[in-house]
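K.L.:
Sequences listed follow chains A, B and C, in order. So for the first sequence, our numbering puts the first residue at 24; every next one is plus one. So for the second sequence, our numbering puts the first residue at 226; every next one is plus one. So for the third sequence, our numbering puts the first residue at 30; every next one is plus one. No residue lacks a Cβ here, since even glycine has one placed at the ideal position from N, Cα and C. Since we're looking at a predicted model, the values are computed, not measured.
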Amino acid sequence: MPERRLVSGNYAAAYGALRANVKFIAAFPITPQTFIVEHISEFVNDGIMKAEFMRVESEHSAISATVSAEATGVRSFTATASQGLALMHEILAIPAPLRLPIVMPVVNRTVAAPIGIWAEYNDVMPQRDLGWMMMFVEDNQEVFDMIIQGYRIAEDKRVLLPFMPNLDAFILSHTYEPVEFADQDDIDDFLPEYKAEHAHLWPDDPMAIGVFSPPEYIQEYRYQTEQAMEASKKVIKEVNDEFAKEFGRDYHGLVEEFMTDDAEAIMITLGTVTSTARKVVMDMRKEGKKVGLVKLRFLRPFPKEELRKIAEKVDAIGVYDRSISYSAGGPAFVEVRNALYGMEKPVIGYLAGLGGRDVMYSDIKLMFEKTLEAAGKGKADKEVVWVGTRGVNP
Amino acid sequence: MSSTKITIHDLPKENLFTGGHTACPGCGAAILVRNAMKVFGKNTVIYTPANCLLVFGGTYPNISWKVPYHHVAFENTAVCSAGIKRALKASGKDDALVVGFAGDGGTADIGMQALSGAAERNEDILYIMYDNEAYMNTGIQRSGSTPYGAWTTTTPAGKVIKGKERFKKDVPQIMIAHNVPYVATASIAYPTDLLTKLEKAKNMKGFRYLQVYSTCPTGWRVPPEKTVEVAKKAVETGMWTLYEYENGKMTINVKPKLDENGNLAVPVRDYLKMQGRFRHMTDAQIETLQKWVNEKWKRDLALEKALQ
Amino acid sequence: MYEVRFHGRGGQGAVMAAQALADAAFIEGNYAVAFPFFGAERRGAPVLAFARVDKGKIYEKTQVYEPDYVVVLDDKLPLMVDVTKGLKDTGMAIINTSLKPEEVELGRAVKTATVDATGVALEVLGTPITNSAILGAFAKATGVVSIESIKKGIMDIFGARIGERLAEKNARAAEVAYERTSVGICKGTLIYPEEKKWLPTAQEFPTGGALGLEVKTDAGLIGLGSFVENKTGSWRTFMPVADNSKCVNCKLCWFYCPEGAIEMLMNLPESEIPAGTGTDPKGNPKGIKIDYDYCKGCGICANECPTKAITMER
């Protein structure tokens, strides 16, 4: 029987690594990810997790060791947040072209300056171009499930790319929620042992991985990585459906639509704001307002086709961002608008919750109302709207 | 101390680091790597950071290494090597030797944090620093391991400042301070000493650190045929001391010639005049360096006495 | 616009020559650019450098594929690489050699200027560095830039790198070479083997680029242990020659050779040991065999041999 317990998002991530039979972990503590490292330490020291665990001296070393361990041919795991992710940046560029299917949850926290410890996506957004699959979860159940699904997707021979589930600092990492942990046997059936055929560092079958390369070869590496990222879209859906069948939870793959069928205005959201937005949509629907919600689960691969299909049936689109690309708007907004190129629909970017400021029910309702207004007028008054900023009218 | 001496005559014929590599003629690092691989054998995994060896040992798709080979970045040799070793352990291949081959810049400077972390954790790897006393891969810039007075492209012999103003960083002593099982210095010009240390380090468990003096004729402005001669002179003048630290004990393996007062007999000037990188040095600078060498030699002797 | 490709070896100063030429053309009121081959370079390995000169701004930021002139700093390079590759029919090759243009062998019969730049350099500079002398020949043979400007270019570029005094000597070397340059048509008799390079399509490319041990392809070996395909013997200027009768089998040269190009006769099968080879006290055949495919001519073996059994010859 699956076991159900009340646990934090950090625990769900650590337990996900345990249940995924991870053989190697290298990690460094950073608020608010610290409990992931602590829980893994407990699992290893209590002997319930049979893995090599390197308590390294920095995040740079954590990802370095994880890359090399994965290149050696074993299922490897690390986790970080914020400044730690920024410190990893150089090495984050390594696993995708080398096709190393690492899974690394990131607890999204603001990157200094100014220094803070609460939720913001300015840690993860600068990592978008490095070939990692990047997705955002909504609750702790999804944290656990996406560690398991993450390895299954990443290790698929059509993909072989690193996988990064993102969970909001404190809102998930330190929040206790009921989570169902499937039976180990069922997880093992769903996620078989990793067989490193394409890349391994074994003396009895030697390989060179990461050789200095002239321009004659690097462009083919890039193209191959891009093809793998595109191929991951299909694999993500397949794995989602198989998981849903096996374990009864359907996350709908790349994006999840909520009450979009006859919607005039929709909001596209990332992370935990999605959860509050569901409530707003349900309430506004009761008021007769035709609003809907799209949970943008994957930012990489980017679900361009899915978003265009959804956009066709609505009149205006709002996009929520928890970080800003200065002078361009929020990164998700920029990407969504790019995907909808040529469709004559107003797209509005909303910035809220930066630095971990709570995104209130009323903030989200305001986003829906403004988007609805744009749907009525056929145009947006403003491209980028700051919500909840003192001295700035939304 | 247990030690089976390994000489040139004990080396096998097969090269696990092949010819065709693109090191400069007379490269000291190439001498080290080729012979070290003969000691290590096939059950070895190699990591190199971004350094000359990365480039001259393999440019895609051609590679000199005949054993598993890996590169990730510049500053993480110790931790990537440790990651490989731990992963091999996790997959039941624990008998393989993992060796990180880094230069002095990748070790004394940018790689120091990862090196210190891996040493403190006593990761089961062999870390070899080939010391050619500057960033040679990027074109001869000063590193923490560059000696006092030396010309590099970032310590030029200018009108006001001539060469490097600081002294060479003593990385082996930093490693000894980590209390690891084995730390040794060696030189390409002392084959038996070098091979014996490589063999010993290969067979030990835990973190082993070897720093091998490896002439760079291009960067030192030395004719390529003098690679070994310069390396010998470094030991004779006390610029480089050959010693090892094993389980808490330190032994100086090759003692330079001393005068009747117990001071170094061969002046450092004899070493400097062989190399273009020291050509600009003033008498005052040479005197400063001589003083530093004398003090370093006394300190090495005192440490040997203390660590028994 | 005219475009120039310089052929040299790492350390010979081909890049500085390209820069000095561009500077000379710039002094004459032109727009000029000089740039190295976009690749990793090691001392001794064949390298390329380029220059472009035009009256107005040059927008091309690509390498030069169809040069008007090729300048060859090292007389052995034409044996390794087809220096006339892409050279325009109206173009010219400027070559450092003691031969007359008509005696020079290249891949195509092209207009050729020759000068013994090595001889000039030894005479004027005291070292065989030919990057300044060859520029004098360039000025004389092409007429597109004056020798006065070349000398100024050398003063600017070389002066900043090696000091004014040495730069003056280099300017002098250019001047001497200018006077000794002759022009004619070379012989197009050299045939180059077809260049074989493993260039997989994006679909054929190995997953993650990982390569195994000595993988066979139509273009030769790739992967671990495949650098043996790179015959670095062509880098050599001086050549070690062994007198095996003096050898004592100490193996020092075998140990010290950075290339692994020396093999002990005792390690070879009997069939490969020359008749008349002596034996050491243990009864092993005495001596070494040098693999000139890889020997870069560094000279460590000769310098370290305790019995002086190895000598370096040109």
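1. Is the Cβ of Gln56 of chain A closer than 9 Å to any Cβ of chain C?
2. Enumerate in chain order the residues of its own chain whose CB-to-CB distance from Met295 of chain C is below 6 Å, with the five nearest sequence positions on each side excluded.
3. Can you grab the Cα-Cα spacing for the pair Phe256 of chain C / Ala231 of chain A, in whole Å?
4. Measure the alpha-carbon distance for Ser227 of chain B versus Ile350 of chain B and round it to whole angstroms.
5. Residues of chain C with a CB under 9 Å from the CB of Leu183 of chain A: which are they?
6. Starting from the N-terminal side, write out each stretch of the beta strand (DSSP E) that is 3 residues or longer and does not extend beyond the stretch 167-242 of chain C.
7. State the DSSP-derived secondary structure class of Thr229 of chain B, mapped to helix, strand or coil.
8. Could you pull out every unbroken beta strand (DSSP E) segment of at least 3 residues lying fully inside the stretch 238-315 of chain A, listed in chain order?
9. By the criterion of Cβ-Cβ separation under 7 Å, what are the contact partners of Ala231 of chain C in chain D?
10. CB-CB under 6 Å to Val405 of chain B, same chain, minus the five flanking residues each way: which ones, in chain order?
11. Should the stretch 394-407 of chain A be regarded as contacting the stretch 218-230 of chain C, the criterion being three or more beta carbon pairs within less than 8 Å?
12. Mind pulling the chain C residues with CB within less than 9 Å of Tyr294 of chain B?
13. For Ile259 of chain A, tell me which candidate among A:Ala355, A:Tyr364 and A:Met156 has the shortest Cα-Cα distance.
14. Does any residue of chain B have a CB that is nearer than 9 Å to the CB of Ala271 of chain C?
15. Do Ala37 of chain A and Ala142 of chain A count as a contact pair if the criterion is CB distance below 9 Å?
16. Does DSSP classify Asp152 of chain A as helix, strand or coil?
17. Using the rule of at least 16 other Cβ atoms within 10 Å of the residue's Cβ for burial, across every protein chain shown, is His83 of chain A buried or exposed?
18. I think Gly32 of chain A touches Ser196 of chain A, with their Cβ atoms under 8 Å apart; what is that distance to the nearest whole Å?
19. Out of A:Val67, A:Val278, A:Ser255 and A:Ser385, point me to the one whose CA is closest to Pro185 of chain A's CA.
20. Strictly below 9 Å CB to CB, what residues from chain A border Gly115 of chain C?
21. Looking at the structure shown, is Ile256 of chain B part of a helix, part of a strand, or coil, going by DSSP?
22. Does the Cβ-Cβ distance between Gln106 of chain A and Ala135 of chain A come in under 9 Å?
23. Quick check on Lys226 of chain C - is its C-beta less than 9 Å from some C-beta in chain A?
24. Hey, would you say Met262 of chain B sits closer than 9 Å to Lys291 of chain B, going by beta carbons?
25. Look at the Cβ atom of Arg345 of chain A, then the Cβ atom of Leu389 of chain A, and state whether they are nearer than 9 Å.
26. Looking only at C-alpha atoms, which of B:Lys474, B:Val493 and B:Glu485 sits nearest to Glu529 of chain B?
27. Thinking just about the alpha-carbon of each residue, which of A:Met72, A:Val79, A:Ile125 and A:Phe266 is nearest to the one in Gly154 of chain A?
28. Let me know the beta strand (DSSP E) ranges lying completely inside the stretch 83-162 of chain C, each 3 residues or longer, listed in chain order.
29. To the nearest angstrom, how far is it from the Cα of Glu239 of chain B to the Cα of Glu134 of chain C?
30. Taking the alpha carbon of Trp376 of chain B as the point to measure from, which residue in B:Thr513, B:Arg259 and B:Gly388 has its own alpha carbon closest?
31. Contact defined as beta carbons within less than 8 Å: I believe Lys181 of chain C pairs with Glu204 of chain C. What is the distance between those atoms, to the nearest angstrom?
32. Where do the N-terminal and C-terminal ends of the beta strand (DSSP E) with Trp409 of chain A fall, by residue?
33. Check the Cβ of Ala290 of chain C against every Cβ in chain B and list those closer than 8 Å, keeping chain order.
34. Using a cut-off of 7 Å between C-beta atoms, extract the partners of Lys267 of chain B located in chain A.
35. Go through the stretch 380-439 of chain B residue by residue and report every complete run of the alpha helix (DSSP H) that reaches 4 residues or more, in order.
P.N.:
With the structure as the only source:
1. No, its Cβ sits nowhere closer than 9 Å to a Cβ of chain C.
2. Cβ neighbours of Met295 of chain C within its own chain (closer than 6 Å, five residues either side excluded): Asn313 and Pro314.
3. Near 13 Å, if we compare the C-alpha coordinates of Ala231 of chain A and Phe256 of chain C.
4. Annotation note: pLDDT 49 at Ser227 of chain B (below 50); position unreliable, no value reported.
5. Chain order gives the chain C residues near Leu183 of chain A as Thr236 and Gly237, where near means a beta carbon separation below 9 Å.
6. Within the stretch 167-242 of chain C, the complete beta strand (DSSP E) runs of at least 3 residues fall at 211-214.
7. Coil.
8. Taking only runs of at least 3 residues, the beta strand (DSSP E) segments lying wholly in the stretch 238-315 of chain A are 278-281 and 288-292.
9. Protein chains A, B and C are contained in the structure displayed, whereas chain D is not.
10. When the five nearest sequence neighbours on each side are left out, the beta carbons in the same chain lying within less than 6 Å of the beta carbon of Val405 of chain B are those of Ala344 and Phe432, in order along the chain.
11. Because the criterion of three Cβ pairs below 8 Å is not met, the stretch 394-407 of chain A and the stretch 218-230 of chain C do not touch.
12. One finds Leu253 in chain C with Cβ atoms closer than 9 Å to the Cβ of Tyr294 of chain B, taken in chain order.
13. Among A:Ala355, A:Tyr364 and A:Met156, the Cα nearest to that of Ile259 of chain A belongs to A:Met156.
14. False, the Cβ-Cβ gap to chain B never drops below 9 Å.
15. Not a contact, by the Cβ cut-off of 9 Å.
16. Three-state DSSP puts Asp152 of chain A in a helix.
17. Buried: at least 16 other Cβ atoms inside 10 Å.
18. Distance from Gly32 of chain A to Ser196 of chain A at the Cβ level is roughly 5 Å; contact confirmed, criterion being Cβ atoms closer than 8 Å.
19. With distances taken between Cα atoms, Pro185 of chain A lies closest to A:Ser255.
20. Simply none; closest approach about 18 Å.
21. Per DSSP, reduced to three states, the secondary structure at Ile256 of chain B is helical.
22. Going by C-beta atoms, Gln106 of chain A is nearer than 9 Å to Ala135 of chain A.
23. At a cut-off of 9 Å, the C-beta of Lys226 of chain C has a neighbouring C-beta in chain A.
24. Between Met262 of chain B and Lys291 of chain B, the CB-CB gap stays under 9 Å.
25. At least 9 Å separates the beta-carbon of Arg345 of chain A from that of Leu389 of chain A.
26. Comparing Cα positions, the closest option is B:Lys474.
27. Among A:Met72, A:Val79, A:Ile125 and A:Phe266, the Cα nearest to that of Gly154 of chain A is on A:Ile125.
28. Fully enclosed beta strand (DSSP E) runs of 3 or longer: 98-101, 121-125 and 140-144.
29. If I take the Cα positions, the gap works out to 39 Å.
30. Among B:Thr513, B:Arg259 and B:Gly388, the Cα nearest to that of Trp376 of chain B is on B:Gly388.
31. 12 Å between Cβ atoms; not a contact.
32. It spans Val407 to Trp409 - the beta strand (DSSP E) in which Trp409 of chain A sits, taken as one unbroken run.
33. Chain B residues near Ala290 of chain C: Gly244.
34. Those are Pro226, listed as they occur along chain A.
35. Listed in chain order, they are 396-401 and 416-428.
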